[in-house]
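Undergrad: Numbering (the numbering used here), first residue to last: 5 to 245.
Quick reminder that beta carbons are idealized off the backbone N, C-alpha and C, glycines included.
Because the structure is a prediction, the values reported are computed rather than measured.
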């Protein structure tokens, strides 16, 4: 019984990463949900966010994540919260009839040719293993990638030949990750306005929720250490006796 308790106490205090992350991409919500041991939550639809441009390089907090963007080299990108009408007016394809995050290359009041879109960064309040979103674009020559933390970029499997499309992308990882960087890797001409909506993860809505969830296992681990110390002191006392 004592050996079991000591082993349990040690197990509470130790975590070991035994394998490298394997990431699987899904292109429909049904398959994505079926791959999970627990369901995801639609954390952010952007419907309650005020429309307008975001500030380059500044992170803005939404439900479940912080969002920021940076220019690519020589770029003139803009990112913001846009209504469906605004997406349509700027050569984009609206995902639905409500708000979404949109971005594209813009200069002096008009779209310009060449260049890649900005790098979009999602920072989650606690490590997650599942991430999904709806995505739209209207340029079949574009290509994109996502990077999980510092891993090599993961190319999105976007169907070619569609002049306008709205797609679902989901990812499930065997190892937790804390950030995702979304990048446009190639564009055949004008950088059309493209957008992301309906962010789904198995994470937490607020930093406070994440902190509370993290503090609970820490308390259990502290109890395990205390239990182990108590048992070792009792054993030492008995050996002296």
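1. Along the chain, where does the beta strand (DSSP E) containing residue 36 start, and where does it finish?
2. For residue 66, collect the residues of the same chain with a Cβ closer than 6 Å to its Cβ; drop the 5 residues on either side in sequence, then sort them by chain order.
3. Taking only three categories from DSSP, how would you classify residue 155?
4. Taking contact to mean 3 or more Cβ pairs, one atom from each stretch, closer than 8 Å, check whether the stretch 52 to 67 and the stretch 170 to 190 are in contact.
5. Indicate whether the contact test is met: 3 or more Cβ pairs, each with one atom in the stretch 97 to 110 and one in the stretch 205 to 217, closer than 8 Å.
6. Taking contact to mean at least 3 C-beta pairs separated by less than 8 Å, is the stretch 170 to 187 in contact with the stretch 142 to 159?
7. In chain order, which continuous runs of the beta strand (DSSP E) of length 3 or greater are located wholly inside the stretch 35 to 90?
8. Taking residue 178 as the reference, give the member of 200, 132 and 170 with the closest Cα.
9. Give the range of the beta strand (DSSP E) segment to which residue 203 is assigned.
10. Please state whether DSSP places residue 213 in a helix, a strand or coil.
11. From residue 207 to residue 126, what distance separates their C-alpha atoms?
12. By Cβ distance below 6 Å, which residues in the same chain neighbour residue 33 in space, the five residues on each side in sequence not counted?
13. Report yes if the C-beta distance between residue 170 and residue 99 is below 8 Å; otherwise report no.
14. Which residue marks the beginning of the beta strand (DSSP E) containing residue 140, and which one marks its end?
15. Figure out for me which residue from 124, 198 and 97 has the closest Cα to the Cα of residue 64.
16. Buried or exposed: where does residue 83 fall if 16 or more other Cβ atoms within 10 Å of its Cβ makes it buried?
17. For residue 174, which of helix, strand or coil comes out of DSSP?
18. Which of the three DSSP states, helix, strand or coil, is assigned to residue 147?
19. With DSSP as the reference, identify every bridge partner of residue 185, one or two as the case may be.
20. Going by DSSP, what residue range makes up the beta strand (DSSP E) through residue 30?
21. Based on Cα-Cα distance, which residue from 218, 130, 201 and 26 lies nearest to residue 140?
22. Per the DSSP calculation, residue 105 is bridged to which residue(s)?
23. By the 10 Å Cβ neighbour count, where 16 or more other Cβ atoms means buried, how is residue 28 classified, buried or exposed?
24. Strictly by DSSP, which residues pair up with residue 190?
25. Are the beta-carbon atoms belonging to residue 203 and residue 137 less than 8 Å from one another?
TA: The short version:
1. Counting along the chain, residue 36 falls outside any beta strand (DSSP E), though it belongs to the alpha helix (DSSP H) covering 33 to 38.
2. 48
3. Residue 155: coil per DSSP, three-state reduction.
4. No, because fewer than three Cβ pairs between the stretch 52 to 67 and the stretch 170 to 190 fall closer than 8 Å, the two stretches do not touch.
5. no
6. yes
7. As for any beta strand (DSSP E) of minimum length 3 sitting wholly inside the stretch 35 to 90, the runs are 45 to 48, 64 to 66, 69 to 74 and 81 to 86, ordered along the chain.
8. 132
9. Here the beta strand (DSSP E) through residue 203 covers 198 to 205.
10. helix
11. 12 Å
12. 172
13. Contact: yes.
14. Looking at the DSSP string, the run of the beta strand (DSSP E) that includes residue 140 is 123 to 141.
15. For the residues 124, 198 and 97, the minimum Cα distance to residue 64 belongs to 124.
16. Buried is the call here.
17. In the three-state reduction of the DSSP assignment, residue 174 falls in the strand class, which pools E and B.
18. strand
19. 125 and 151
20. 27 to 30
21. Here the closest residue by C-alpha is 201.
22. 85 and 200
23. Exposed.
24. Note: residue 190 sits in a beta bridge opposite 147.
25. yes
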